[in-house]
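**Q** Mind having a look at this structure? Questions to follow.
Here's what the structure looks like:
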């Protein structure tokens, strides 16, 4: 090192030190932006799930949506008729695939009375013999209210209970629907929909579109629905809050329950990226097989408890479409799953689990 | 094998720069995908898993290369605390390169997810399905990623410090220029 006085060197070193600080700092800023911490306006899975909690409170250990439900188990018996359209093993002729499922009602309150919403849901996990899985979450309505995650978030915000009344502000809800004409088809359905007395008599729609790939490599845009093979009961109108689980138990005590899996094939040009729009009713359908539900278990101890019914967990032969709701469902379900499993694990910073479920009926 | 050039061996240099790009990309993909509800979430997730396994395999190769070709010694006049920091951070980087993919793999196994690297390539579960283990491993995956990111930042700053302030050939030994050239 030359023994020159330091002042001469200082400007050069200053630049070097600035660079040494600036490179990692720039990386850290970019990391913060990509990770959402420095992008407060971006809709993230966390903000979406936080909104569910803002609307209905935190119920530790429970799913943040469709919190009230019951586990079921059974199998899917393939008819072989979907095999030309999808190479998924589950559709192979004569194939029987074990299923762990869950019936539920939408909403974040695990104690909500079954009559509080007209919608029921069915979630299924098919485990193929090759170890690949097909997970699906379906609702008992043919169209979804909104087409995008952003609109869904705005709908949740509009439905957040007013602290003064404990109920959503009707003005905000009306303003949301006025600003979102794509909700018209859902609202028309909701006008006549009544809470059903049974899970067994409902149809369940995939809502989102998916893409089948056949053994010939051909791709087919599809939607599917589960069509019930059980008849309506003409019994007395149910009165207790949990009549759906009671009905399911009674029906299963007499034998298994069945649904036909009906796959609808899109025509070119049918929307695959918009769950608010049903496809024309003349589209060809395929009877892919029969879902047989044999048993039910309570959701807090049954085999469905630890399953995240992420609709993008798919076997080879079924792929997500360009529907923007699908990645949002995947991301938000993962966040909800981490919250409830963290509560189950009693990790620090998580809401503590109730020692025993309190049957308080919170609206 | 005795080093005579003052450089890292060619395989070590190739692996270093290749993995530097992969790991930095992986860290951004990871935090980006869990903070997104858009299509980005889906395609980043599709890259994340096979890229993680590729990093795991390369890290094992790199560990073997490191043991086979000892790295050039640090400058003799480097103060002892800096030498210790250099060695400790390098072994921490190796440990994290190997631990991160394994924790991710174990976490998906514990969550009951099929570990799919593509449309049909599935890895076996390396941990029994268990929600409590899932939660612990999932959080561990995040915290180790943050530790890895901070270690990478410190590593970058240290490399620049050697190259710009000390000019002692440490940065050059990985860039590939001979000491003093």
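Protein chains in written order, with our numbering: chain R, 1 to 363; chain G, 1 to 181. No residue lacks a Cβ here, since even glycine has one placed at the ideal position from N, Cα and C.
Closest by CA to residue 107(R), which one among 124(R), 54(R), 146(R) and 97(R)?
**A** As a working mapping, residue 107(R) is identified with position 107 in the first chain. The shortest Cα separation from residue 107(R) among 124(R), 54(R), 146(R) and 97(R) belongs to 54(R).
**Q** Under 7 Å, Cβ to Cβ, is there at least one residue of chain G near residue 23(R)?
**A** Here residue 23(R) corresponds to residue number 23 of the first chain, with the count starting at 1. Judged by the 7 Å Cβ criterion, residue 23(R) is in contact with chain G.
**Q** Which residue or residues does DSSP assign as beta-bridge partners of residue 364(R)?
**A** Residue coverage of chain R in this structure runs from 1 to 363, which leaves residue 364(R) outside it and unanswerable.
**Q** Express the C-alpha separation of residue 58(R) and residue 65(R) in angstroms, rounding to a whole number.
**A** By one-based count along the first chain, residue 65(R) stands at place 65. By one-based count along the first chain, residue 58(R) stands at place 58. About 11 Å.
**Q** Given this structure, state the Cα-to-Cα distance separating residue 134(R) from residue 74(R), to the nearest angstrom.
**A** One-based indexing of the first chain puts residue 134(R) at position 134. One-based indexing of the first chain puts residue 74(R) at position 74. Their Cα atoms are separated by approximately 15 Å.
**Q** Taking residue 338(R) as the reference, give the member of 64(G), 40(G) and 108(G) with the closest Cα.
**A** As a position in the first chain, residue 338(R) is number 338, starting the count at 1. Of the candidates 64(G), 40(G) and 108(G), the one whose C-alpha sits nearest the C-alpha of residue 338(R) is 108(G).
**Q** So the candidates are 75(G), 136(G) and 150(G); which of them puts its Cα closest to the Cα of residue 350(R)?
**A** The count along the first chain starts at 1 and reaches residue 350(R) at position 350. That would be 136(G), whose Cα lies nearest to the Cα of residue 350(R).
**Q** Would you please state the rounded distance, in angstroms, between the beta carbons of residue 71(R) and residue 296(R)? I believe it to be under 8 Å.
**A** The sequence position of residue 71(R) within the first chain is 71, counting from 1. The sequence position of residue 296(R) within the first chain is 296, counting from 1. Residue 71(R) to residue 296(R), Cβ: 7 Å. Contact.
**Q** Could you tell me whether the Cβ of residue 20(G) comes closer than 7 Å to any Cβ of chain R?
**A** On the second chain, residue 20(G) is found 20 positions in, with the first residue counted as 1. For residue 20(G), the answer is no, since every Cβ of chain R falls outside 7 Å of its Cβ.
**Q** Determine the contact status of residue 86(R) and residue 318(R), defining contact as a CB-CB distance below 7 Å.
**A** One-based indexing of the first chain puts residue 86(R) at position 86. One-based indexing of the first chain puts residue 318(R) at position 318. Yes.
**Q** Name the residue from 161(G), 153(G) and 142(G) whose alpha carbon lies nearest to the alpha carbon of residue 103(G).
**A** Position 103 of the second chain, counted from the start, is the residue given in the question as residue 103(G). Ranking the options by Cα distance to residue 103(G), first place goes to 142(G).
**Q** Beta strand (DSSP E) containing residue 260(R): first to last residue?
**A** In the first chain, residue 260(R) corresponds to position 260, counting from 1. Counting along the chain, the beta strand (DSSP E) containing residue 260(R) begins and ends at 257-265.
**Q** By Cβ distance below 6 Å, which residues in the same chain neighbour residue 186(G) in space, the five residues on each side in sequence not counted?
**A** In this structure chain G extends from 1 to 181, so residue 186(G) is not present and cannot be described.
**Q** On a CA-only basis, which of 45(R), 119(R), 78(R) and 101(R) is nearest residue 90(R)? Give me that one, please.
**A** Taking the first chain and counting its residues from 1, the one referred to as residue 90(R) is at position 90. For residue 90(R), the nearest C-alpha among the options comes from 78(R).
**Q** Given a cut-off of 7 Å, decide if residue 288(R) and residue 313(R) are closer than it, judged by their beta-carbon atoms.
**A** Residue 313(R) sits at position 313 when you count from the first residue of the first chain. Residue 288(R) sits at position 288 when you count from the first residue of the first chain. Not a contact, by the Cβ cut-off of 7 Å.
**Q** In chain R, what lies closer than 7 Å to residue 138(G) by C-beta?
**A** Within the second chain, the letter at position 138 stands for residue 138(G). Those are 338, listed as they occur along chain R.
**Q** Take residue 203(R) and list the residues in its own chain whose beta-carbon comes closer than 7 Å to its own, dropping the five residues that flank it on each side.
**A** Within the first chain, the letter at position 203 stands for residue 203(R). Excluding residues within five positions, the ones whose Cβ falls inside 7 Å are 140, 225, 226, 227 and 228.
**Q** Please classify residue 250(R): is it buried, with 16 or more other beta-carbons within 10 angstroms of its beta-carbon, or exposed?
**A** Here residue 250(R) refers to the residue found at position 250 of the first chain. Exposed is the call here.
**Q** Expressed to the nearest angstrom, what Euclidean distance is found between the alpha-carbon atoms of residue 169(G) and residue 162(G)?
**A** As a first step, residue 169(G) must be located in the second chain, where it is residue number 169. As a first step, residue 162(G) must be located in the second chain, where it is residue number 162. Near 7 Å, if we compare the C-alpha coordinates of residue 162(G) and residue 169(G).
**Q** Examine the Cβ distances between the segment 28-38 of chain G and the segment 88-98 of chain G and report whether three or more of them are shorter than 8 Å.
**A** As far as the Cβ criterion goes, the segment 28-38 of chain G does not touch the segment 88-98 of chain G, which means the pair count is below three.
**Q** Do residue 134(G) and residue 341(R) have their beta-carbon atoms positioned less than 7 Å apart in this structure?
**A** Here residue 341(R) is taken as the residue at index 341 of the first chain, counted from 1. Here residue 134(G) is taken as the residue at index 134 of the second chain, counted from 1. Closer than 7 Å, so yes.
**Q** Keeping to the same chain, check which residues put their C-beta closer than 6 Å to that of residue 5(R); ignore five residues upstream and five downstream.
**A** As a working note, residue 5(R) is residue 5 in the first chain. The predicted position of residue 5(R) is uncertain, since its pLDDT is 46 and thus under 50; no value can be drawn from it.
**Q** Look up residue 49(G) in the DSSP assignment and say whether it is helix, strand or coil.
**A** Start at 1 with the first residue of the second chain, and residue 49(G) comes out as number 49. Correct three-state label for residue 49(G): helix.
**Q** Classify residue 148(R): buried if its beta carbon has 16 or more other beta carbons within 10 angstroms, exposed otherwise.
**A** The residue labelled residue 148(R) in the question sits at position 148 within the first chain. By the neighbour-count rule (16 or more Cβ atoms within 10 Å), residue 148(R) is buried.
**Q** Is the CB of residue 154(R) under 7 Å away from at least one CB in chain G?
**A** As a first step, residue 154(R) is located in the first chain; it is residue number 154 there, counting from the start. With 7 Å as the cut-off, residue 154(R) does not count as an interface residue toward chain G.
**Q** Could you tell me which chain R residues have their CB closer than 9 Å to the CB of residue 156(G), listed as they occur along the chain?
**A** As a position in the second chain, residue 156(G) is number 156, starting the count at 1. Simply 20, 23, 24 and 27.
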